[in-house]
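Asks: Residue numbers (this note's numbering): -12 to 213. The beta carbon of each residue, even a glycine, is placed where N, CA and C say it ideally should be. What you are looking at is a predicted structure, and each value in this text was computed from that prediction instead of being measured.
1. Tell me whether the beta-carbon of residue 92 lies closer than 7 Å to the beta-carbon of residue 43.
2. Quick one: is residue -12 buried, meaning 16 or more other Cβ sit within 10 Å of its Cβ, or exposed?
3. Once the 5 residues before and after residue 176 are set aside, which same chain residues still bring their CB inside 7 Å of it?
4. Among 171, 69, 154, 74, whose alpha-carbon lies nearest the alpha-carbon of residue 8?
5. May I ask you to list the residues that DSSP assigns as paired with residue 65?
6. For residue 25, I'd like the list of residues in its chain whose CB is within less than 6 Å of its CB, leaving aside the five on either flank, ordered along the chain.
7. On the criterion of 16 or more Cβ atoms from any shown chain inside 10 Å, does residue 225 qualify as buried, or is it exposed?
8. Short check: CB of residue 186 to CB of residue 100, under 7 Å?
9. DSSP state of residue 137, grouped into three classes?
10. In the DSSP assignment, find the unbroken alpha helix (DSSP H) run with residue 105 in it and report its ends.
11. Using a Cβ-Cβ cutoff of less than 6 Å, which residues in the same chain neighbour residue 196 once the five nearest sequence positions on both sides are dropped?
12. Measure from the alpha carbon of residue 66 to the alpha carbon of each residue in 15, 86, 124, 194, then state which is nearest.
The structure is reproduced here in structure tokens:
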């Protein structure tokens, strides 16, 4: 699964084929179905259906592999997909982290750090998108219309991919715990410390390595020309 993920401005160094602006593609529909199914997994966890929840989580993982494979194999990659796929991962990880913390499986502080960092990242991406729009043409419709103006393909950095993989492993262990009782609380807590560490590191990496790009995007043009 891929984090929304950080904008990799270094990607401009090597030209890549332009992506489609289409929203209604098979990979995107699979991704959207994963987002829609996430609340159901949370419901199953909180209503004593751990094995069904674990099975649904496995299906979510399969769907994540499937949408990426189809997009690459049949050239169905799109700008919408580059946003939706990492967003779906964040929604899945965040929702299940909160649910498992509520159930006492994860320490509350670990879920707060993971969800808080991802929420700030999603908000930051939205702010950059909004700031890049012409002042007189800012609207909800134009904000969502990726074909109306130039936009960035979302490409997670290598360290972000590692962090997402670790978060998914963390959630997988939590789901295994509620279904089988293994691993135990001590192992879950130790893993939670590791996840919080990598989450903070990737957050700092995002700010440090993208500070110039963020500065250009967020400051008004008049401020930059003084």
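Replies: Let me spell this out:
1. As a first step, residue 92 must be located in the chain shown, where it is residue number 105. As a first step, residue 43 must be located in the chain shown, where it is residue number 56. In this structure, residue 43 does not lie closer than 7 Å to residue 92 by Cβ.
2. In the chain shown, the residue the question calls residue -12 occupies position 1. Confidence at residue -12 is low in this model, with a pLDDT of 48, below 50, so the placement of that residue should be treated as unreliable; the coordinate-derived value is given next. It is buried - the Cβ of residue -12 has at least 16 other Cβ atoms within 10 Å.
3. Numbered from its first residue, the chain shown carries residue 176 at position 189. Contacts found: 94.
4. In the chain shown, counting from the first residue as 1, residue 8 sits at position 21. Checked all of 171, 69, 154, 74; the closest Cα to residue 8 is 69.
5. Residue numbering aside, residue 65 sits at position 78 when the chain shown is read from its first letter. Residue 65 pairs with 7.
6. The count along the chain shown starts at 1 and reaches residue 25 at position 38. 78, 79, 82.
7. Summary: the structure shown does not reach residue 225, with the chain confined to residues -12 through 213, and so no result is reported for it.
8. Translated into the one-based positions of the chain shown, residue 186 becomes position 199. Translated into the one-based positions of the chain shown, residue 100 becomes position 113. A contact, by the Cβ cut-off of 7 Å.
9. Working through the chain shown from its first residue, we reach residue 137 at position 150. Low confidence applies to residue 137: its pLDDT is 49, below 50, so where it sits in the model is not reliable enough to give any reading.
10. For the purposes of this step, residue 105 is taken as residue 118 along the chain shown, with counting starting at 1. Unbroken alpha helix (DSSP H) run through residue 105: 95 to 118.
11. Taking the chain shown and counting its residues from 1, the one referred to as residue 196 is at position 209. Around residue 196: no qualifying Cβ.
12. For the purposes of this step, residue 66 is identified with residue 79 of the chain shown, where counting begins at 1. Looking at the Cα atoms, 15 is the closest of the given residues.
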